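Participant: The structure's right below; bear with me while I get my questions together.
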Amino acid sequence: MTKPVSAPIRRNNFILIAGAKRKKRSAPQYRISSLKSDCYLFSRLYVACQTRNGGLTDFFSYENQSAPPSLSCDGRMRVSNKSGLLECLEHLLTSSPVPTVTDMTILDGAAVVNMLRPGSAKTFADYANQVFIPYVMQTLQNVSHRLDVVWDCYRSDSLKAFTRERRGLEKRKRVTPETVIPSQWGSFLRVDANKTQLFAFLARYLLTVQSEKLIVTIQGPDVIPNKPIDHTDLSPCNHEEADTRMMLHLAHAAEHCRRILIRTVDTDVVVLSVAAMTRHPHLQLWIAMGAGKDFRYIAAHDISKVLGVAKAQCLPLFHSFTGCDTVSCFDGIGKKTAWEVWSKCDHVTATFQKLCCAPFELTANDMSVLQRFVTLLYDRGSNCHDVNSSRKYMFTKTGAKLKTFLQRVRPCFSTANGQFTMEAIFGARHMNDNQCFQIQVTGVGSLWTDNGSLFGLFCHKHL
Numbered sequence: 026m027t028k029p030v031s032a033p034i035r036r037n038n039f040i041l042i043a044g045a046k047r048k049k050r051s052a053p054q055y056r057i058s059s060l061k062s063d064c065y066l067f068s069r070l071y072v073a074c075q076t077r078n079g080g081l082t083d084f085f086s087y088e089n090q091s092a093p094p095s096l097s098c099d100g101r102m103r104v105s106n107k108s109g110l111l112e113c114l115e116h117l118l119t120s121s122p123v124p125t126v127t128d129m130t131i132l133d134g135a136a137v138v139n140m141l142r143p144g145s146a147k148t149f150a151d152y153a154n155q156v157f158i159p160y161v162m163q164t165l166q167n168v169s170h171r172l173d174v175v176w177d178c179y180r181s182d183s184l185k186a187f188t189r190e191r192r193g194l195e196k197r198k199r200v201t202p203e204t205v206i207p208s209q210w211g212s213f214l215r216v217d218a219n220k221t222q223l224f225a226f227l228a229r230y231l232l233t234v235q236s237e238k239l240i241v242t243i244q245g246p247d248v249i250p251n252k253p254i255d256h257t258d259l260s261p262c263n264h265e266e267a268d269t270r271m272m273l274h275l276a277h278a279a280e281h282c283r284r285i286l287i288r289t290v291d292t293d294v295v296v297l298s299v300a301a302m303t304r305h306p307h308l309q310l311w312i313a314m315g316a317g318k319d320f321r322y323i324a325a326h327d328i329s330k331v332l333g334v335a336k337a338q339c340l341p342l343f344h345s346f347t348g349c350d351t352v353s354c355f356d357g358i359g360k361k362t363a364w365e366v367w368s369k370c371d372h373v374t375a376t377f378q379k380l381c382c383a384p385f386e387l388t389a390n391d392m393s394v395l396q397r398f399v400t401l402l403y404d405r406g407s408n409c410h411d412v413n414s415s416r417k418y419m420f421t422k423t424g425a426k427l428k429t430f431l432q433r434v435r436p437c438f439s440t441a442n443g444q445f446t447m448e449a450i451f452g453a454r455h456m457n458d459n460q461c462f463q464i465q466v467t468g469v470g471s472l473w474t475d476n477g478s479l480f481g482l483f484c485h486k487h488l
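First residue of the sequence shown: 26, per the numbering used here; consecutive thereafter.
Structure representation (structure tokens):
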């Protein structure tokens, strides 16, 4: 049957290539199918190596999947539970008095906005006048000299984009004084463009606060104080995260302030603060952490003293190596397990400390130490000093541990493991580079695309 060209086309639901969505498997489904595939494939290949006089040592040095399960979860970044490290650090503390008045307070602006719900405020101007500014005024009552409000910056090519994407995506809404606040505050804050406009809007309102005390905020790369100050060490700044930028403000005020408080909800800030105390041992630094029933004060200076200079300095690298927002974590190994192993492996501390410092050079000896550390994460009684030997031993001698180790542990000196190690070091050095307001790292890149997918090859780029 023929139809004229002018006849209307019936609506259809054909899926186009551009609009096709990847079907996500549940975690149990992925694990079961992956384990079955691994066991079947490895068994056949292992028998083939024995019958054809193949090198069994080399056999265990290669991954058997395009997206190594040791690095990813079904091709996506495996996210760690960062709060586990916070519990380990807090166990080192004894009761420490918190001062009622500090010389300086640094607010994580994004965390504050997430905590302060609009309530009865109808427009964004109402939110600024009735919610945000009163909170700032209340905070100023407990500050004797200076208040800094630091905001996040959001970039489309950021590795953190995957972490934010997991929280969900919502509609874009323009922020003006007359704009009505959306009913779903959390959903509104999931959009990076919304937060960028809101933070700039609140920063401008912050400068209208009448106070004799110094108030410093930021807008993009620039610093905006309410009084003239020398901020050449603060601006222009290309830090993306408020975490590292708060450490920059901490260093800027260290000469004039002794007691400093940071308000945040992020474990990364605690890690950076403990490391920063090795550069400013004269400071007393408290972290006002969490919200609601989980709110507490953490004395970063006391933790730094208990850990010692060496461990405190390389704490960011340990945090990055065992999994952070931009580095995939070890499958099945949490922060507490890694912390217990690190506590018994003092030799790895020297390697961590060396890799945190410039100039950067990852030697064969460094890789050997890191291999031993990874091996102990999965088998504390192992006598193997490299991961490949451990994989072979567990495959041939301890079948009960096969599906755990074979699925999770990275083959060493393979492309994936070397790239992972460099990625972890880059993350730690990026965090530790908070003394510089212009971060420039050359020769390192990322295993992950901006949507959290695994790259096939290591990308070298200038950041």
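No residue lacks a Cβ here, since even glycine has one placed at the ideal position from N, Cα and C.
Predicted model, so just to flag it, every value in this text is computed and none were measured.
1) Does DSSP classify residue 366 as helix, strand or coil?
2) Roughly how far, in whole angstroms, is the beta-carbon of residue 489 from the beta-carbon of residue 328, given that I think they are within contact range, below 8 angstroms?
3) Does the ligand FAD have a heavy atom nearer than 8 angstroms to the CB of residue 139?
4) So the candidates are 244, 357, 271, 368; which of them puts its Cα closest to the Cα of residue 226?
5) Kindly indicate which three-state DSSP category residue 170 falls into: helix, strand or coil?
6) Specify, as a first and last residue, the run of the beta strand (DSSP E) that residue 129 falls within.
7) So, are the CB atoms of residue 395 and residue 346 less than 9 angstroms apart?
8) Output the residue ranges of the beta strand (DSSP E) runs that lie fully inside the stretch 224-290 and measure 3 residues or longer, sorted by chain position.
9) If I'm right that residue 354 touches residue 180 with Cβ under 8 angstroms, what's the distance once you round it to whole angstroms?
10) Quick one: what does DSSP say residue 165 is sitting in, helix, strand or coil?
11) For residue 159 and residue 228, I'd like the C-alpha separation in whole angstroms.
12) Which stretch, first to last residue, makes up the alpha helix (DSSP H) that contains residue 396?
13) Measuring CB to CB, does residue 267 end up less than 9 angstroms from residue 175?
14) Taking the continuous alpha helix (DSSP H) assigned at residue 328, which residues delimit it?
15) For residue 254, count neighbouring C-beta atoms within 10 Å of its own C-beta (all shown protein chains included) and say buried if the count is 16 or more, exposed if not.
16) Taking a contact to mean a Cβ-Cβ separation below 9 angstroms, would you say residue 339 touches residue 377 in this structure?
17) Got a sec? Which residues, its chain only, sit under 8 angstroms from residue 316 by beta carbon, not counting five neighbours each side?
18) With a cut-off of 8 angstroms, do at least 3 Cβ pairs link the stretch 119-139 to the stretch 273-283?
19) Residue 361 and residue 110 - do their beta-carbons sit closer together than 9 angstroms?
20) Out of 247, 318, 196, 326, state which residue places its alpha-carbon closest to the alpha-carbon of residue 306.
21) Thinking C-alpha only, which one of 323, 299, 304 is nearest residue 288?
22) For the alpha helix (DSSP H) holding residue 118, just list the boundary residues, first then last.
23) Might you give, ordered along the chain, the residues of its own chain that have their beta carbon closer than 6 angstroms to the beta carbon of residue 252, omitting 5 neighbours on each side?
24) I'd like the list of long-range same chain contacts for residue 230, defined as Cβ closer than 8 angstroms, with 5 residues on each side in sequence excluded.
25) Under the DSSP definition of a beta bridge, which residues are partnered with residue 175?
26) Tell me which residue opens and which closes the beta strand (DSSP E) that residue 300 is part of.
27) For residue 75 and residue 419, I'd like the C-alpha separation in whole angstroms.
28) Determine, using beta carbons only, whether residue 204 and residue 148 come nearer to each other than 9 angstroms.
29) Does DSSP put residue 342 in a helix, a strand or coil?
30) Check this for me: beta carbons of residue 296 and residue 344, under 9 angstroms apart or not?
31) So, with DSSP's three-state summary, where would you put residue 103?
32) Can you name the start and end residues of the beta strand (DSSP E) that residue 309 belongs to?
33) Answer yes or no: does any C-beta atom of chain D fall closer than 9 angstroms to that of residue 408?
34) Which term fits residue 206, buried or exposed, when burial requires 16 or more other beta carbons within 10 angstroms of its beta carbon?
Facilitator: Inspection of the coordinates gives the following:
1) Stepping through the sequence shown from its first residue, residue 366 is reached at position 341. DSSP places residue 366 in the helix class (H, G or I) of the three-state scheme.
2) Only positions 26 to 488 of the chain appear in the structure, and residue 489 is not among them; the question remains open.
3) Annotation note on the ligand FAD: not contained in the displayed structure, which lists no ligands.
4) Within the sequence shown, numbered from 1, the residue matching residue 226 stands at position 201. Comparing alpha-carbon positions, the option among 244, 357, 271, 368 lying closest to residue 226 turns out to be 244.
5) Along the sequence shown, read from residue 1 onward, the residue named residue 170 stands at position 145. Correct three-state label for residue 170: strand.
6) Counted from its first residue, the sequence shown places residue 129 at position 104. Annotation: the continuous beta strand (DSSP E) that includes residue 129 extends over 127-133.
7) Taking the first residue of the sequence shown as 1, we reach residue 395 at position 370. Taking the first residue of the sequence shown as 1, we reach residue 346 at position 321. A contact, by the Cβ cut-off of 9 angstroms.
8) Those beta strand (DSSP E) runs which fall completely within the stretch 224-290 and span 3+ residues are 239-244, 247-250, 284-289.
9) If you number the sequence shown from 1, residue 354 lands on position 329. If you number the sequence shown from 1, residue 180 lands on position 155. The Cβ separation is near 23 angstroms, so there is no contact.
10) Within the sequence shown, the letter at position 140 stands for residue 165. When DSSP states are grouped into helix, strand and coil, residue 165 belongs to the helix group.
11) Start at 1 with the first residue of the sequence shown, and residue 159 comes out as number 134. Start at 1 with the first residue of the sequence shown, and residue 228 comes out as number 203. C-alpha separation (whole angstroms): 14 angstroms.
12) Along the sequence shown, read from residue 1 onward, the residue named residue 396 stands at position 371. From DSSP, the alpha helix (DSSP H) with residue 396 extends over 389-403.
13) Locating residue 267 in the sequence shown gives position 242, where the first residue counts as 1. Locating residue 175 in the sequence shown gives position 150, where the first residue counts as 1. It is a contact, given that the beta carbons lie within the stated cut-off.
14) Taking the first residue of the sequence shown as 1, we reach residue 328 at position 303. It spans 325-332 - the alpha helix (DSSP H) in which residue 328 sits, taken as one unbroken run.
15) In the sequence shown, the residue the question calls residue 254 occupies position 229. Burial call: exposed.
16) Position 314 of the sequence shown holds residue 339. Position 352 of the sequence shown holds residue 377. Yes, these two residues count as a Cβ contact at 9 angstroms.
17) Position 291 of the sequence shown holds residue 316. 140, 290, listed in sequence order.
18) The stretch 119-139 vs the stretch 273-283: in contact.
19) Here residue 110 refers to the residue found at position 85 when the sequence shown is read from its first residue. Here residue 361 refers to the residue found at position 336 when the sequence shown is read from its first residue. For residue 110 and residue 361, yes; Cβs fall inside 9 angstroms.
20) By 1-based counting over the sequence shown, the position of residue 306 is 281. Relative to the Cα of residue 306, the nearest Cα in the group 247, 318, 196, 326 belongs to 326.
21) For the purposes of this step, residue 288 is taken as residue 263 along the sequence shown, with counting starting at 1. Nearest Cα to residue 288 within the set 323, 299, 304: 323.
22) Counting from 1 along the sequence shown, the entry for residue 118 is found at position 93. No alpha helix (DSSP H) contains residue 118, which DSSP labels as neither H nor E.
23) For the purposes of this step, residue 252 is identified with residue 227 of the sequence shown, where counting begins at 1. Answer for residue 252: 239, listed in chain order.
24) Counting from 1 along the sequence shown, the entry for residue 230 is found at position 205. Leaving aside the five residues that flank residue 230 on each side, the residues in its chain whose CB is nearer than 8 angstroms to its CB run, in chain order, 153, 154, 157, 158.
25) The sequence position of residue 175 within the sequence shown is 150, counting from 1. Residue 175 is bridged to 133.
26) Residue 300 sits at position 275 when you count from the first residue of the sequence shown. Run containing residue 300: none in the beta strand (DSSP E); it sits in the alpha helix (DSSP H), 292-301.
27) On the sequence shown, residue 75 is found 50 positions in, with the first residue counted as 1. On the sequence shown, residue 419 is found 394 positions in, with the first residue counted as 1. Straight-line Cα distance between these residues: approximately 17 angstroms.
28) The residue given as residue 204 occupies position 179 in the sequence shown. The residue given as residue 148 occupies position 123 in the sequence shown. Residue 204 is a Cβ neighbour of residue 148, given a cutoff of 9 angstroms.
29) In the sequence shown, the residue the question calls residue 342 occupies position 317. Here DSSP, grouped into helix, strand and coil, assigns residue 342 to helix.
30) As a first step, residue 296 must be located in the sequence shown, where it is residue number 271. As a first step, residue 344 must be located in the sequence shown, where it is residue number 319. For residue 296 and residue 344, yes; Cβs fall inside 9 angstroms.
31) Looking up residue 103 in the sequence shown gives position 78. In this structure, DSSP gives residue 103 a state outside helix and strand, which the three-state scheme calls coil.
32) Here residue 309 corresponds to residue number 284 of the sequence shown, with the count starting at 1. Looking at the DSSP string, the run of the beta strand (DSSP E) that includes residue 309 is 309-314.
33) In the structure shown, chain D does not exist; there is a single protein chain.
34) As a first step, residue 206 is located in the sequence shown; it is residue number 181 there, counting from the start. Within 10 angstroms of the beta-carbon of residue 206 lie 16 or more other beta-carbons, which makes it buried.
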